[in-house]
Amino acid sequence: MRNWNFLHLWSWLLSHVRYSRVNLVDDLKHQSPPNLQQKDDENMGHSNSPDLRFGKRHVLIILLFLGFAGVYAMRVNLSVAIVAMVKSHPHSQKQIVRVDDTCPVSVSQKRQAMSSEIKGEFDWDEKTQGMILGSFFYGYLLTNYLGGRLAERLGGRLIFGAGVTLTGLLTVISPMAARHSSTAFVIIRILEGMTEGVTFPAMNVMMSYWIPPQERARSLARIVGGCQIGTVVTLSISGWLTQTEWGWPSVFIIFGLYGLAWGCFWFMYAYDSPDLHPTISTTEKLYIKHGTGDHRKNERLDVPWQSIFTSTPFLVVIAAHVGQNWGFYCILTELPTYLKNIQHFDMKQNGILSAMPYLVMWLFSLVYSTYMDHLLEKGILSTKQIRQLSTVIATYIPMISLLLIPWAGCDGHLVVVLICIAVGTTGASFCGMHCAFQELAPNFSGTLTGISNTMATIPGFLAPAVTGAIINNQQTLNQWKKVFQLVSLVYLILCSLYLIFLSVEVQPWNEGNTEKRKRPLKEIVELKSV
């Protein structure tokens, strides 16, 4: 037990702020239907059954993983392809050797910057390129809530599957749209954002049916790990694809066809719930229901809007989501600019290096989530303690890493290491606030995900705008230091709110708009009394 010293210390600290140590049995009993409790307890001894080690829920996890890999590949491919699509001209030596508060430019960097001109097909200026790159997020912002509600009404299988396959179709026709006009290309990117926007809420709806709490953290990490794998693969091979005889269109066509092919397997093997799966075993179905309990209803419930928007546990989830995304989008969009303008290093010229932080994030999230689920099963940490510990790791370590980047000065290798730490440790968030949508209200997990995702997409526009206002054409170490300090402050304030007010209990409003449901009965009673 000496290996658990830190974990026991963590548990002891939380016990002094009114958090108790709850084991797995307590968590499951709270969420399981009383009339099935005795039968479920008798079957808990069969955890070594082959159906539980690899069952239909694991097939679903694999399909979701591959689906997210596809949508993220189709999301980030443009950032690489646009370099080959747009005409550019070599910088003059005068522009390269400009002296400012940055690192000195080496001879090899000067040669690399002056070496060649990319013979692109389109003469798009910086404004047009920015509009094209940002258009995806406008569409993504529009459909997150819609995707959640549709998944709750029509089923996650249809909405998630349609989201990925339609994105694949739009990606395949992207080269034709680009060659038609920049406006047509922008419209296609907006539509892609809309079709991708429904996928994450739909995934949460399916998980609320399929994944019991004791597997939730590692399952979510494995599913969303597809985002990192899609990013890693795309950044690694897209640059190479643009140099082949097929050119930049191949970046869109190959990944688009992948999305279409994935859709065939999805609609063959995915089902909305265990009850609808034709070949699932009774053992696995009982195991899943033991965890999900009776909080997940098949009936359509009225959304309790007032209760949702006055729920402190849900509001702090939104705050944490916005805070996490502010830091993530800043790292994703602004650090390459920092490395180019301050460190004089263009990460786009090295796909492996560009992909490295996301590979670290994927590997870390897999190991960490599996370990956290192990601690939950052994009763070493409670669900609430795991959510808090994960948020601490996913928030404060990236915060410190970002603050250390200006301190690293001109040491480019150290800066890359700090980036990998900052991005990699955010993988712990899959065991933190990302589990809240299914825990607070399983019946409305899609709606909650859609609301939170919509709000958390705002930093995709706001963070770059604020960064641009701070830099204001002053590419200096001092100005970038202010950017990193602001990101760290956002991390500290918004994510700390979640740590203070988080809850893992199913909320009373999970049963829907109870007042509206009781109203017809009240009217009947009044009518009879008359």
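For the sequence shown, our numbering gives the first residue as 68, with consecutive numbering after it. Ideal placement from N, C-alpha and C gives every residue a C-beta, glycine not left out.
Rounded separation between residue i and residue j - CA only
| i | j | result |
| --- | --- | --- |
| L258 | P242 | 15 Å |
| A245 | E506 | 43 Å |
| I525 | G201 | 12 Å |
| G479 | T234 | 37 Å |
| E578 | W547 | 48 Å |
| F9 | T301 | The question about residue 9 has no answer, for the chain in this structure spans 68 to 597. |
| F528 | G390 | 14 Å |
| V557 | G535 | 17 Å |
| I349 | I355 | Strictly speaking, residue 349 in this sequence is Thr, with Ile absent from that position. Going from the Cα of T349 to the Cα of I355 covers about 10 Å. |
| E188 | I560 | 46 Å |
| I290 | G137 | 12 Å |
| F20 | W277 | With the chain covering only 68 through 597, there is no way to say anything about residue 20. |
| S248 | I460 | 45 Å |
| E282 | D342 | 19 Å |
| S436 | R285 | 5 Å |
| H307 | V147 | Note that residue 307 is Trp in the sequence shown here, rather than His. Rounded to whole angstroms, W307 to V147 spans 10 Å at the Cα level. |
| A508 | S563 | 22 Å |
| G222 | A269 | 8 Å |
| S457 | A218 | 28 Å |
| F332 | C294 | 19 Å |
| P279 | H357 | 8 Å |
| Y405 | P465 | 17 Å |
| R69 | N211 | Caution is warranted here: a pLDDT of 44 is assigned to R69, below 50, making its placement in the model unreliable, and no coordinate value can be reported. |
| S275 | L353 | 15 Å |
| L127 | I254 | 32 Å |
| F334 | M261 | 21 Å |
| T606 | K154 | As displayed, the chain neither begins before 68 nor continues past 597, which places residue 606 out of reach and without an answer. |
| D192 | I467 | 37 Å |
| Q373 | V383 | 16 Å |
Host alpha helix (DSSP H) of residue i (start-end)
| i | result |
| --- | --- |
| P280 | 280-309 |
| A489 | 479-491 |
| V265 | That residue, V265, is in no alpha helix (DSSP H); it is neither H nor E in DSSP. |
| V459 | 450-475 |
| I409 | Looking at the DSSP string, I409 is not in any alpha helix (DSSP H), and its letter there is neither H nor E. |
| T234 | 223-239 |
| L556 | 544-568 |
| C331 | 316-336 |
| W372 | 372-376 |
| I518 | 512-538 |
| E506 | 503-507 |
| H125 | 123-152 |
CB of residue i within 8 Å of CB of residue j, strictly
| i | j | result |
| --- | --- | --- |
| T232 | G326 | yes |
| D339 | R224 | yes |
| H501 | L287 | yes |
| C487 | V427 | yes |
| W429 | L133 | no |
| S305 | T311 | no |
| F252 | I199 | yes |
| A422 | T298 | yes |
| S519 | I385 | yes |
| V483 | L553 | no |
| W315 | A151 | yes |
| A523 | H441 | no |
| V550 | T450 | no |
Candidates the options: closest to residue i by CA position
| i | options | result |
| --- | --- | --- |
| G214 | V272, A386, R124 | V272 |
| T462 | G491, G264, L442, L382 | G491 |
| Q452 | R256, F568, V370 | F568 |
| L368 | V143, W576, A151 | W576 |
| V434 | A422, H344, S496 | S496 |
| T250 | I296, G297, G197 | G197 |
| R142 | L443, E263, I254, W393 | E263 |
| Q455 | F504, G292, L544, L566 | L566 |
| P531 | Y438, V383, T377, Y396 | Y396 |
| L145 | R256, E351, S432 | R256 |
| Q410 | V571, T543, W191 | T543 |
| C477 | K123, L130, C170 | C170 |
| A503 | T379, G292, I240, A337 | T379 |
| Y438 | P424, G494, V153 | G494 |
| G292 | P424, L485, K445, I320 | P424 |
| F431 | K445, A489, N392 | A489 |
- [ ] Could you tell me whether the region 202-209 touches the region 509-516, where touching means 3 or more Cβ pairs closer than 8 Å?
- [x] no
Task: Stretch-stretch touch, CB-based, cutoff 8 Å, three pairs: the region 318-333 with the region 467-478 - done: no
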